[in-house]
Structure formats: C-alpha cells, structure tokens
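Position one of the sequence shown corresponds to residue 710 (our numbering), numbered consecutively onward. Single-structure report; data block below.
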Amino acid sequence: MASHFTIRATTPGDRDWIKPFITDHWGSSVVVAHGTTYFPHDLPGFVAADRESYVGLISYRIAEGSCEIVTLDSTRPGLGIGTALIGAVKDKAKKFGCARLWLVTTNDNLDALGFYQKRGFVLAKLYRDAVTEARRLKPSIPLYGIESIPIRDEIELEMML
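Structural data, given as structure tokens:
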C-alpha cells in the first residue's frame with residue numbers, strides 16, 4: 710500500500726491535537742526519561758500528515774551540542790513515516806551544529822531497538838533500574854511491557870552527526 714504524506718514543523722496551533730495524540734500513544738501527556746519529565750506538546754517537533762489525518766509525530770530537544778529525540782510515533786508502521794521524521798530532526802540538529810542525535814527507550818521495546826539500529830543508531834548506555842526510578846515521577850508506567858517483559862531499564866542509543 711503506497712502512502713503519501715508530508716512532513717512539516719509543528720506550530721503552537723498543533724498543541725490541541727498533540728496532547729491527546731501523545732496520551733493515546735504513551736498513556737499520558739507526560740513522558741519521563743532519564744529522570745526528566747517532558748511535555749511533548751511543548752517541545753519542538755515535526756508532524757507527518759496525509760490528506761486525511763496526522764500519521765506521525767516526533768518531538769525533540771536541543772541542548773549542549775546534541776539533539777535528543779523525546780518521542781516518535783507513527784500510526785502506520787512500515788511506510789517510512791518514522792524514518793522521514795527522524796530525517797527531519799537529523800537535518801534540524803545539523804543546522805544547529807549538534808554533534809550527536811540520541812534517544813532513550815526501554816528494555817522491553819524490542820521493535821524500537823531494532824528500528825533505530827537499522828537506521829544507524831548504536832547502543833550507547835544502559836541505565837539499570839532507571840524505569841523503576843522513573844515510576845516515582847510517573848507512577849502510571851506499567852510494570853510489564855511488550856511480550857510481558859518487565860520494564861526496568863533505559864537504553865540510550867545515539868548517532869554521531
């Protein structure tokens with residue numbers, strides 16, 4: 710099935726749909742990673758849309774010479790939407806002079822680990838029991854994730870730019 714979509718930067722007017730979109734994909738409008746609480750609807754990002762709807766969203770933050778991908782979601786996996794959104798952030802990060810593009814995922818998210826590595830990211834760090842600590846900030850994080858794998862650790866992946 711062919712998919713035609715466009716990518717554009719998010720705008721303040723997108724906040725009204727981003728917040729429920731994040732909630733649908735993350736169980737809350739708040740994301741916690743490496744001890745930091747994020748509100749993706751307040752972060753810069755890019756949106757993928759087709760003629761009828763929003764089909765993907767990526768949020769990021771730039772700090773200290775690197776760019777962190779905070780969230781990445783596609784409503785239609787396998788059509789290149791996530792890859793295109795990463796490309797948009799990668800281009801933005803290069804324009805800002807970032808040397809590194811990075812992200813954190815959890816140990817249960819095997820699909821994400823494969824997806825990012827296929828796109829040139831490498832495993833950088835393991836944070837043992839980081840999700841256990843994150844539950845103090847966001848108690849709604851489930852104990853078990855994909856395929857009933859206990860969610861305990863955060864894994865940092867990176868790509869040098």
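Each residue gets a CB set at the ideal place from its N, CA and C atoms; glycine is no exception.
(message) How far does the beta strand (DSSP E) with lysine 847 in it extend, from its first residue to its last?
(response) Start at 1 with the first residue of the sequence shown, and residue 847 comes out as number 138. Taken as a continuous stretch (DSSP letters only), lysine 847 belongs to no beta strand (DSSP E), as it is neither H nor E.
(message) So leucine 788 and serine 768 are supposed to be a Cβ contact under 8 Å. How far apart are they, rounded?
(response) Position 79 of the sequence shown, counting from 1, holds the residue named residue 788. Position 59 of the sequence shown, counting from 1, holds the residue named residue 768. Not a contact, Cβ separation roughly 20 Å.
(message) Classify proline 786: buried if its beta carbon has 16 or more other beta carbons within 10 angstroms, exposed otherwise.
(response) Position 77 of the sequence shown, counting from 1, holds the residue named residue 786. Proline 786 comes out exposed.
(message) With DSSP as the reference, identify every bridge partner of alanine 793, one or two as the case may be.
(response) Reading the sequence shown from its first residue, position 84 is the one you call residue 793. BP columns for alanine 793 are empty, so no partner.
(message) Using CA atoms only, rank isn't needed, just tell me which of Arg844, Asp862, Thr841, Thr815 is closest to threonine 780.
(response) Against the sequence shown, residue 780 aligns to sequence position 71. The shortest C-alpha separation from threonine 780 is found at Thr815.
(message) Spatial neighbours of tyrosine 825 within its chain, please: C-beta separation below 6 Å, excluding the five flanking residues on both sides.
(response) For this step, residue 825 is matched to residue 116 along the sequence shown. Same-chain partners within the cutoff: Leu866.
(message) On a Cα-Cα basis, can you pick out the residue from Leu832, Ala718, Arg770 that is closest to glutamate 863?
(response) For the purposes of this step, residue 863 is taken as the residue at position 154 of the sequence shown. Nearest of Leu832, Ala718, Arg770 to glutamate 863, Cα basis: Leu832.
(message) At the level of alpha carbons, what is the spacing between aspartate 723 and alanine 797?
(response) For this step, residue 723 is matched to residue 14 along the sequence shown. For this step, residue 797 is matched to residue 88 along the sequence shown. So the two alpha carbons sit approximately 17 Å from each other.
(message) Quick check on DSSP: helix, strand or coil for arginine 717?
(response) Walking along the sequence shown from the start, residue 717 turns up at place 8. Looking at arginine 717 - three-state DSSP - the assignment turns out to be strand.
(message) Along the chain, where does the alpha helix (DSSP H) containing tyrosine 825 start, and where does it finish?
(response) Residue 825 sits at position 116 when you count from the first residue of the sequence shown. It spans 819–827 - the alpha helix (DSSP H) in which tyrosine 825 sits, taken as one unbroken run.
(request) May I have the straight-line CA-CA distance separating alanine 742 from proline 848, to the nearest angstrom? (result) Looking up residue 742 in the sequence shown gives position 33. Looking up residue 848 in the sequence shown gives position 139. Looking at the two C-alpha atoms, the distance is approximately 13 Å.
(request) Can you say whether tyrosine 836 is buried or exposed, counting buried as having 16 or more other CB atoms within 10 angstroms of its CB? (result) The count along the sequence shown starts at 1 and reaches residue 836 at position 127. Buried, because 16 or more other Cβ atoms sit within 10 Å of the Cβ of tyrosine 836.
(request) For the alpha helix (DSSP H) containing isoleucine 731, list its first residue and its last residue. (result) Numbered from its first residue, the sequence shown carries residue 731 at position 22. 724–735 is the extent of the alpha helix (DSSP H) around isoleucine 731.
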